[in-house]
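Reviewing the structure listed below.
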Amino acid sequence: MYLIRNSVPAAARGRMGESGSRHAAPLYADVPHYTNLTSYQAGELGEVPVQTFFSSPIKAPIYQVNKLDTTKTDSGFIFLTGGYDAYGPSIISSKDLSLVYADQEYNFAQAAYTTTLDGQQVLVVYAGDAVRIYNKHYELLHAVTPQGDLGGAVADSHEAHLTSDGTVALVVARVEKADLSAIGKGEESLTNNLIQEVDPRTNAVLFQFDLRSYFHVEDSFWPYDGSGPYQFPSAFDLWHVNSVEKTPAGDFLVSSRHLHSVFLVDGFTREVRWVIGGKRSNFTDISVNASAVFHWQHNAHFTAENRISLFDNQAVFNGFCTGEETEYGCSRGLEIEFDTTNWTYWVVNEWYHPQNIVSASRGGVSRTPKGNTLVAWGQNPMYTEYTPDGELVMDVQRGQVLPLDHGIVPVIAYRAAKADWVGLPKWPPSIAGSVNDDGMVVHVSWNGATEVESYILFASNDITKVNGIGAMTATFERMGFETSLDVTWKRRYARIAALDRNGTILGYTMTLDIVTQEILDFGYPINDLINTIKSDRFKVFGISVLSYVAVLLLVGVTALLTVFIIRGTRAGIRWDYGGIAEYKRKTRNFAIHVFYIIRGRKGMSDEDVSEEEESLIGGQGKQE
């Protein structure tokens, strides 16, 4: 693993103008994606390049971006899971591939996606030996595991299917003794698979199917060598079921990797209605050169009443592929159509990776909301997206292609999904900061927050005033997972508020002591303060009363100051006009801050102030 520590380039820092005016420069803190495939594949950044952040302990991938046409990719967020022992579920922005959310509790996860349950959008993932369901606040609603007297059974990590009926379909794995004389062995331990449908609210078992009730030991293509899956390494991995989907009619589509089959189980009689592929297939491939035949497949699901998509691994080894390594070619995303009258099936769509690869295991195919196809390439940690006419519009990878026999690699791409998601975490944003020769830099991030558009920096040398309106020193846009703000002045204490696109505060950090680097449990909620300023309850000619109040106060202060100066001059008092000018400038900048918050504007620059706004602020004129 290769770590790259984020840093703020000196050339990007704010600079003091000749007039002495101060500036705040927001900076994109995330490390740019890599675009040199040759260097990336050669391992110059390591097998799995990751970056770290100042404000968060999270490690995020540095993608190799071979192609990304955001005018043709589907929008929304990308839901990913990463590896066997290092990466939990994560959510990625489809706009710039920056990290949005990374689970901090589980380091092994599979099959993350979003759907609805009981009228609310939820995040579903296999993690921590259970199918876990979270709400938009990332609060755990349900953790579903196998139910009943199954003697040490576990939920297999391949699947986390929340059905349209609000139930969970599990792949269950457990060790059983079986007669293996059909393959020349005696009574041995094997890993059997069952399908369970469980109500997550009550843990009631609604459906159960045992593969041994229909399939036989000799149906498996997996050679007996005494080894088993990762859960039970010494129990023969006979079926290796890796996906299950409940249909609208109540039946269950099941994929068995070691049978080379997908099959439909009647949800009421528990009988196998038909099998496509493998030794027990009911169908004949009528495609040219038998191109619909699949091997060692994953992630089968219906795309229409008589269409199924799946990831066709084709082999049990990993690496680049010329088409000659296997009998049937390279790994691919595959969509087939079938006919239960003539009992035939054929290829509808194929999606190959542009680098031509073969993936030993894992992998998935999914349809995006707008009809694109997203393919995850399993043991090769790569993701591609295709338009309905087959055009490749995204090609990214988060690690090297490693040629090897079937085995464990540092990171994988097992399934990927795209969808809209609203994440509103209950934990606060995180802040970090430090001083430099020109001033100071602060960093902010908020793991899981999808609605943040901008931030407000509050800073003061007096900790008791860091929450006040006078401490509001800069507004800046969110840029990636972590955003940095470089300012050409110094304050000891700082905290940051996160705003949505309407200017509503979603949350705020704790207070940072920039000198000691301590995070202080100090500061009352600043929502009420800012939301009061933003109040639009009373308006005159489309402008809130508070706008007029702010302007009148500023004009009043200016008038009083003018009177004092005139009277002082007549009395022979010598005034420090430089100090007065500085006071006016600070007062005007404060007014701009308030004015922008009221009007929902972002930023704070003299050049952005219109003549109309000048008159409302107080007509001081732009600072030269």
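All you need for my numbering is the position in the sequence shown, starting with 1, plus 174. Using N, Cα and C, we set each Cβ at its ideal position, and we do this for glycine too.
- [ ] Check the C-beta distance from I252 over to K664 and give it rounded, since I have them as a contact under 8 angstroms.
- [x] Numbered from 1 along the sequence shown, position 78 holds the residue referred to as residue 252. Numbered from 1 along the sequence shown, position 490 holds the residue referred to as residue 664. With 8 angstroms as the limit, I252 and K664 do not qualify as a contact, their Cβ atoms being about 39 angstroms apart.
Task: Inter-residue Cα distance where the pair is L484 and L548 - done: The residue labelled residue 484 in the question sits at position 310 within the sequence shown. The residue labelled residue 548 in the question sits at position 374 within the sequence shown. Approximately 11 angstroms, taken between the alpha carbons.
Open item on the list: Only counting the same chain, and skipping five residues up and downstream in sequence, which positions put a Cβ closer than 6 angstroms to that of S430?
Closed with: The count along the sequence shown starts at 1 and reaches residue 430 at position 256. Hits under 6 angstroms: W413, V415.
Open item on the list: Whether or not the stretch 302 to 320 and the stretch 391 to 400 are in contact is what I'm after, with contact meaning three or more pairs of Cβ atoms, one per stretch, closer than 8 angstroms; do they touch?
Closed with: no
Open item on the list: I believe A329 touches A304 by the beta-carbon criterion, under 8 angstroms. Please report the beta-carbon distance rounded to the nearest angstrom.
Closed with: Position 155 of the sequence shown holds residue 329. Position 130 of the sequence shown holds residue 304. The pair is a contact, with the Cβ atoms about 6 angstroms apart (cut-off 8 angstroms).
Task: Proximity below 8 angstroms, CB of E350 to CB of L364 - done: On the sequence shown, residue 350 is found 176 positions in, with the first residue counted as 1. On the sequence shown, residue 364 is found 190 positions in, with the first residue counted as 1. Yes. Within cutoff.
TODO: Measuring alpha carbon to alpha carbon, tell me which of T244, Q370, T319 ends up nearest G441.
DONE: Working through the sequence shown from its first residue, we reach residue 441 at position 267. Looking at T244, Q370, T319, the one whose alpha-carbon comes closest to that of G441 is Q370.
Task: T547: first and last residue of the uninterrupted beta strand (DSSP E) it sits in - done: As a first step, residue 547 is located in the sequence shown; it is residue number 373 there, counting from the start. 547 to 550 is the extent of the beta strand (DSSP E) around T547.
Task: Alpha-carbon spacing of A587 relative to I510, whole angstroms - done: Here residue 587 is taken as the residue at index 413 of the sequence shown, counted from 1. Here residue 510 is taken as the residue at index 336 of the sequence shown, counted from 1. I510 has its alpha-carbon roughly 22 angstroms from the corresponding atom of A587.
Task: As assigned by DSSP and simplified to three states, the class of I357 - done: In the sequence shown, the residue the question calls residue 357 occupies position 183. I357 falls in the helix class under three-state DSSP.
TODO: Pair every Cβ in the stretch 640 to 647 with every Cβ in the stretch 594 to 601, then say whether three or more of these pairs are closer than 8 angstroms.
DONE: no
Task: Cβ shell of A465 (< 6 angstroms), same chain only, five flanking positions each side left out - done: Translated into the one-based positions of the sequence shown, residue 465 becomes position 291. The question names Ala, but residue 465 is Ser in the sequence shown. Cβ neighbours of S465 beyond the five flanking positions: V521.
Open item on the list: For D636, tell me which candidate among N530, T685, N456 has the shortest Cα-Cα distance.
Closed with: Taking the first residue of the sequence shown as 1, we reach residue 636 at position 462. Taking only the C-alpha atoms, the option nearest D636 is T685.
Task: In DSSP terms, what E511 is bridged to - done: For the purposes of this step, residue 511 is taken as residue 337 along the sequence shown, with counting starting at 1. Per DSSP, the beta bridge partners of E511 are R481, W520.
Task: S155 - containing alpha helix (DSSP H), residue span - done: No answer is possible for residue 155: the residues shown for the chain start at 175 and end at 798.
- [ ] Measure from the alpha carbon of T542 to the alpha carbon of each residue in Q225, Y287, T212, then state which is nearest.
- [x] Position 368 of the sequence shown, counted from the start, is the residue given in the question as residue 542. Checked all of Q225, Y287, T212; the closest Cα to T542 is Y287.
Task: Where the beta strand (DSSP E) containing D125 begins and where it ends - done: Lying outside 175 to 798, the shown extent of the chain, residue 125 is not represented and no answer is given.
Open item on the list: What does the alpha-carbon distance come out to for the pair A473 and K246?
Closed with: Locating residue 473 in the sequence shown gives position 299, counting from the first residue. Locating residue 246 in the sequence shown gives position 72, counting from the first residue. The displayed chain sequence assigns Asn, not Ala, to residue 473. Roughly 25 angstroms separates the two Cα atoms.
Task: Span of the beta strand (DSSP E), counted from its first residue to its last, around G607 - done: For this step, residue 607 is matched to residue 433 along the sequence shown. Residues 604 to 609.
- [ ] Would you please state the rounded distance, in angstroms, between the beta carbons of V346 and P320? I believe it to be under 8 angstroms.
- [x] As a position in the sequence shown, residue 346 is number 172, starting the count at 1. As a position in the sequence shown, residue 320 is number 146, starting the count at 1. 5 angstroms between Cβ atoms; contact.
Task: Sequence-distant residues of its chain with Cβ nearer than 6 angstroms to D486 (five each side left out) - done: For the purposes of this step, residue 486 is taken as residue 312 along the sequence shown, with counting starting at 1. Excluding positions up to five away in sequence, the list reads F468, Q471, R506, L508.
Open item on the list: Please classify A733 as buried or exposed, where buried requires at least 16 other C-beta atoms within 10 Å of its C-beta.
Closed with: On the sequence shown, residue 733 is found 559 positions in, with the first residue counted as 1. A733 is exposed by the Cβ-count criterion.
Open item on the list: If you reduce the DSSP assignment to three classes, tell me which class K664 lands in.
Closed with: The residue you call residue 664 lines up with position 490 of the sequence shown. Correct three-state label for K664: coil.
- [ ] Evaluate the contact criterion for the stretch 288 to 297 versus the stretch 565 to 578: three or more CB pairs, one atom per stretch, below 8 angstroms.
- [x] no
Task: Best match in Y629, S230, A668 for proximity to K639 [C-alpha to C-alpha] - done: Position 465 of the sequence shown, counted from the start, is the residue given in the question as residue 639. It is A668.
Task: Close beta carbons around S628, own chain, < 7 angstroms, minus the five adjacent residues each side - done: Stepping through the sequence shown from its first residue, residue 628 is reached at position 454. So the list reads T649, F650, E651, R652, L673, K776, once near-sequence residues are dropped.
- [ ] Consider the Cβ of N456: report whether some Cβ of chain D lies at a distance smaller than 8 angstroms.
- [x] Within the model displayed, chain D is absent; a lone protein chain is all it includes.
Open item on the list: Comparing C-alpha positions only, which one of H475, I630, F494, A534 sits nearest to T678?
Closed with: Here residue 678 refers to the residue found at position 504 when the sequence shown is read from its first residue. The residue with the shortest Cα to Cα distance from T678 is I630.
Task: Continuous beta strand (DSSP E) stretch holding M556: start and end - done: Taking the first residue of the sequence shown as 1, we reach residue 556 at position 382. It spans 556 to 560 - the beta strand (DSSP E) in which M556 sits, taken as one unbroken run.
Task: V596, DSSP secondary structure in three states - done: Your numbering for residue 596 matches position 422 in the sequence shown. In this structure, V596 counts as coil in the three-state DSSP scheme.
- [ ] Could you check how far apart the C-beta atoms of T657 and V618 are, in whole angstroms? I think they sit under 8 angstroms.
- [x] The sequence position of residue 657 within the sequence shown is 483, counting from 1. The sequence position of residue 618 within the sequence shown is 444, counting from 1. Correct: roughly 6 angstroms between the Cβ atoms.
Task: Length of the line joining the Cα atoms of G552 and G358 - done: What you label residue 552 is simply residue 378 of the sequence shown in a count that begins at 1. What you label residue 358 is simply residue 184 of the sequence shown in a count that begins at 1. About 33 angstroms.
- [ ] Return the first residue and the last residue of the beta strand (DSSP E) that H311 is part of.
- [x] Taking the first residue of the sequence shown as position 1, residue 311 is located at position 137. Run containing H311: none; DSSP gives neither H nor E here.
Open item on the list: Out of S540, W525, D270, R348, which one is the CA nearest neighbour of D563?
Closed with: The residue given as residue 563 occupies position 389 in the sequence shown. Out of S540, W525, D270, R348, W525 has the C-alpha closest to the C-alpha of D563.
Open item on the list: Quick check: T489 and A550, are their CB atoms within less than 8 angstroms of each other?
Closed with: Translated into positions along the sequence shown, residue 489 becomes position 315. Translated into positions along the sequence shown, residue 550 becomes position 376. Note on residue identity: the sequence assigns Ala, not Thr, to residue 489. No, Cβ-Cβ distance for A489 and A550 is not below 8 angstroms.
Task: Boundaries of the beta strand (DSSP E) in which K420 is found, first to last residue - done: Working through the sequence shown from its first residue, we reach residue 420 at position 246. From DSSP, the beta strand (DSSP E) with K420 extends over 415 to 420.
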